[in-house]
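*Asks:*
Here you go:
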């Protein structure tokens with residue numbers, strides 16, 4: 035053929051092999067990736083504060099179990115002491131009965147009181163066992179382990195700052211508040227991420243080809259050849275059925291809901307701290323009253339016991355004095371333990387659990 039020039043032939047290659055490695059680096063995503071990263075970061079922070087909250091709850095539970103065990107062990111000691119005193123009283127009444135100074139009815143009254151004391155002693159022992167099992171369960175010891183408490187409570191109380199100061203510390207340091215604040219920030223980042231759907235996305239792209247034959251090389255040859263390309267791509271949704279609008283609205287609603295939850299949480303903490311501070315003050319007053327009660331009951335028992343031995347007081351008067359002394363000791367122990375529990379609850383409410 036005239037003027038044909040060079041003839042290019044295309045060989046027929048039946049076997050084809052092709053591999054491609056593609057890389058894509060976002061250059062601009064309208065805030066989608068940054069918002070998602072902040073969401074994850076704040077979510078992780080909230081989870082860490084949740085762990086701190088669980089630790090605080092566990093510490094308070096352990097303290098409550100510890101002081102309840104202390105309470106019941108103290109009750110048992112008082113019950114043991116009461117049984118010993120009443121047993122001696124039975125012996126005294128029996129001697130006076132033999133001397134004709136008391137009646138058999140007086141002896142029966144004391145024996146009934148002794149039986150009640152033994153029953154209370156058994157009840158105190160059962161409460162000690164149950165409280166010990168509860169404490170062992172919380173601290174991870176075998177349930178049958180016998181725990182010896184080293185604490186010895188006194189009437190000394192701790193002075194706490196004013197309620198306004200406690201509230202400031204609580205609202206700044208409670209793990210629940212810190213965690214919820216993280217969730218608010220996470221929800222805010224979610225709004226920013228959703229709004230990114232209104233903007234285009236720009237990517238830096240790169241491809242590496244290793245093929246046999248490589249269609250990018252002309253003419254094709256039946257051998258492996260590599261090629262590459264780099265470019266910039268732009269993506270933008272012209273219409274997505276208002277998906278971005280709905281996603282942004284949902285993110286805003288979640289943000290507002292989280293802010294409301296934070297405000298509600300702070301109100302609850304304010305109430306908890308205020309109530310805790312008032313309970314501590316009331317517990318301090320109970321200790322002072324219980325001290326006076328023990329002092330008065332002990333003096334009354336001493337006087338009544340001396341009169342009874344001299345025949346100037348009745349058996350019923352002495353029984354009443356013994357019961358009053360026992361009850362005053364129980365009230366004193368209860369007041370001391372309730373103060374420790376109130377203090378632990380206030381420390382937890384403030385966020386200073388140790």
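Numbering (our numbering), first residue to last: 35 to 388.
Cβ atoms here follow ideal geometry from the backbone N, Cα and C, with glycine treated the same way.
Just so we're clear, the structure is a prediction, and the values are computed from it rather than from any experiment.
How about residue 328 and residue 362: do their beta carbons lie closer than 8 Å?
*Replies:* Working through the chain shown from its first residue, we reach residue 328 at position 294. Working through the chain shown from its first residue, we reach residue 362 at position 328. Cβ distance < 8 Å, so residue 328 and residue 362 count as in contact.
*Asks:* Could you round the C-beta distance between residue 296 and residue 203 to whole angstroms and report it? I think they count as a contact, below 8 Å.
*Replies:* Position 262 of the chain shown, counted from the start, is the residue given in the question as residue 296. Position 169 of the chain shown, counted from the start, is the residue given in the question as residue 203. That belief does not hold up - the Cβ atoms of residue 296 and residue 203 are roughly 17 Å apart, past 8 Å.
*Asks:* Once you ignore the five residues that flank residue 135 on each side, which residues in its own chain have a CB closer than 7 Å to its CB?
*Replies:* One-based indexing of the chain shown puts residue 135 at position 101. Taken in chain order, the residues that qualify are 345.
*Asks:* Mapping the DSSP letters down to three states, classify residue 229 as helix, strand or coil.
*Replies:* One-based indexing of the chain shown puts residue 229 at position 195. Looking at residue 229 - three-state DSSP - the assignment turns out to be helix.
*Asks:* If you draw a straight line from the C-alpha of residue 199 to the C-alpha of residue 302, how long is it?
*Replies:* In the chain shown, counting from the first residue as 1, residue 199 sits at position 165. In the chain shown, counting from the first residue as 1, residue 302 sits at position 268. So the alpha carbons of these two residues sit roughly 17 Å apart.
*Asks:* DSSP on residue 260, reduced to helix/strand/coil?
*Replies:* For the purposes of this step, residue 260 is taken as the residue at position 226 of the chain shown. In this structure, residue 260 counts as strand in the three-state DSSP scheme.
*Asks:* In whole angstroms, give me the CA-to-CA distance for residue 3 and residue 225.
*Replies:* What the structure shows of the chain is the stretch from 35 to 388, and residue 3 is not part of that stretch, so it cannot be assessed.
*Asks:* Based on the DSSP output, what are the partners of residue 239 in its beta bridges?
*Replies:* Stepping through the chain shown from its first residue, residue 239 is reached at position 205. Per DSSP, 58, 265.
*Asks:* Go ahead and pull the three-state DSSP assignment for residue 180.
*Replies:* Numbered from 1 along the chain shown, position 146 holds the residue referred to as residue 180. Three-state DSSP puts residue 180 in coil, outside helix and strand.
*Asks:* Just to confirm before moving on: does the CB-CB distance between residue 105 and residue 367 stay below 8 Å?
*Replies:* The count along the chain shown starts at 1 and reaches residue 105 at position 71. The count along the chain shown starts at 1 and reaches residue 367 at position 333. Going by C-beta atoms, residue 105 is nearer than 8 Å to residue 367.
*Asks:* What are the residues that DSSP puts in a beta bridge with residue 21?
*Replies:* What is shown of the chain runs 35 to 388, which leaves residue 21 out entirely.
*Asks:* Measure the CB-CB distance between residue 64 and residue 230 and report whether it falls below 8 Å.
*Replies:* For the purposes of this step, residue 64 is taken as the residue at position 30 of the chain shown. For the purposes of this step, residue 230 is taken as the residue at position 196 of the chain shown. Yes, they are a contact pair.
*Asks:* For the structure I just gave you, are there three or more beta carbon pairs, one from the region 282-300 and one from the region 238-247, closer than 8 Å?
*Replies:* The region 282-300 vs the region 238-247: no contact.
*Asks:* Would you report the Cα separation of residue 178 and residue 87, rounded to the nearest angstrom?
*Replies:* As a first step, residue 178 must be located in the chain shown, where it is residue number 144. As a first step, residue 87 must be located in the chain shown, where it is residue number 53. Taking the straight line joining both Cα atoms gives about 29 Å.
*Asks:* Ignore the nearest five residues each way along the sequence and tell me which others in residue 127's own chain have a CB closer than 7 Å to its CB.
*Replies:* Taking the chain shown and counting its residues from 1, one reaches residue 127 at position 93. If we look at residue 127 and ignore the five residues flanking it on each side, its Cβ neighbours are 136, 140, 141, 144, 349.
*Asks:* At a cut of 8 Å, does the region 71-85 reach the region 254-269 through at least three beta carbon pairs?
*Replies:* As far as the Cβ criterion goes, the region 71-85 does not touch the region 254-269, which means the pair count is below three.
*Asks:* Which of the three DSSP states, helix, strand or coil, is assigned to residue 163?
*Replies:* Counting from one through the chain shown, the residue named residue 163 turns up at place 129. If DSSP states are grouped into helix, strand and coil, residue 163 belongs with the helices.
*Asks:* Can you tell me whether DSSP reads residue 94 as helix, strand or coil?
*Replies:* Here residue 94 refers to the residue found at position 60 when the chain shown is read from its first residue. It is helical.
*Asks:* Are three or more beta carbon pairs between the region 91-107 and the region 312-329 nearer than 8 Å?
*Replies:* Too few Cβ pairs lie closer than 8 Å, so no.
*Asks:* Counting only the same chain and skipping the five closest in sequence on each side, list residues whose C-beta sits under 6 Å from that of residue 263.
*Replies:* For the purposes of this step, residue 263 is identified with residue 229 of the chain shown, where counting begins at 1. Only 241 meet the Cβ criterion.
*Asks:* Please report the straight-line C-alpha distance between residue 216 and residue 57, rounded to a whole angstrom.
*Replies:* By one-based count along the chain shown, residue 216 stands at place 182. By one-based count along the chain shown, residue 57 stands at place 23. Those two C-alpha atoms are separated by around 34 Å.
*Asks:* Under 8 Å, with one C-beta from each stretch per pair, do the region 189-198 and the region 304-320 reach the 3-pair mark?
*Replies:* Yes: the two stretches touch, three or more of their Cβ pairs being nearer than 8 Å.
*Asks:* Would you kindly work out how many angstroms separate the C-alpha atoms of residue 209 and residue 300, rounded to a whole number?
*Replies:* Sequence index remark: in the chain shown, residue 209 carries index 175 (1-based). Sequence index remark: in the chain shown, residue 300 carries index 266 (1-based). Near 12 Å, if we compare the C-alpha coordinates of residue 300 and residue 209.
*Asks:* Assuming residue 364 and residue 109 make a contact with CB atoms under 8 Å, what is their CB distance in whole Å?
*Replies:* Taking the first residue of the chain shown as position 1, residue 364 is located at position 330. Taking the first residue of the chain shown as position 1, residue 109 is located at position 75. That pair is a contact at about 6 Å.
*Asks:* If you count every other CB in all the chains shown that lies within 10 Å of the CB of residue 342, and 16 or more means buried, which is it?
*Replies:* Here residue 342 is taken as the residue at index 308 of the chain shown, counted from 1. It is buried - the Cβ of residue 342 has at least 16 other Cβ atoms within 10 Å.
*Asks:* Evaluate residue 186 with the Cβ neighbour count: other Cβ atoms within 10 Å of its Cβ, from every protein chain shown; 16 or more gives buried, anything less gives exposed.
*Replies:* By 1-based counting over the chain shown, the position of residue 186 is 152. Exposed.
*Asks:* Mark residue 247 as exposed unless 16 or more other C-beta atoms lie within 10 angstroms of its C-beta, in which case mark it buried.
*Replies:* Looking up residue 247 in the chain shown gives position 213. Residue 247 should be labelled buried.
*Asks:* Locate the alpha helix (DSSP H) running through residue 371, then write down its first and last residues.
*Replies:* Against the chain shown, residue 371 aligns to sequence position 337. Residue 371 -> alpha helix (DSSP H) spans 349-384.
*Asks:* How long is the line joining the alpha carbons of residue 149 and residue 155, rounded to whole angstroms?
*Replies:* Residue numbering aside, residue 149 sits at position 115 when the chain shown is read from its first letter. Residue numbering aside, residue 155 sits at position 121 when the chain shown is read from its first letter. Roughly 10 Å separates the two Cα atoms.
*Asks:* Alpha carbons only, please: which of 251, 306, 287, 235 is nearest the one belonging to residue 272?
*Replies:* Locating residue 272 in the chain shown gives position 238, where the first residue counts as 1. For the residues 251, 306, 287, 235, the minimum Cα distance to residue 272 belongs to 235.
*Asks:* Between residue 93 and residue 130, what straight-line distance do the alpha-carbon atoms span, to the nearest angstrom?
*Replies:* Against the chain shown, residue 93 aligns to sequence position 59. Against the chain shown, residue 130 aligns to sequence position 96. Answer to the nearest angstrom: the Cα atoms are 55 Å apart.
*Asks:* At what residues does the alpha helix (DSSP H) containing residue 204 begin and finish?
*Replies:* Here the question's residue 204 lines up with position 170 in the chain shown. Unbroken alpha helix (DSSP H) run through residue 204: 197-207.
*Asks:* Assuming contact is defined by CB atoms lying nearer than 8 Å, are residue 311 and residue 197 in contact in what I supplied?
*Replies:* Position 277 of the chain shown, counted from the first residue, corresponds to residue 311. Position 163 of the chain shown, counted from the first residue, corresponds to residue 197. Yes, the pair counts as a contact, with Cβ atoms nearer than the cut-off.
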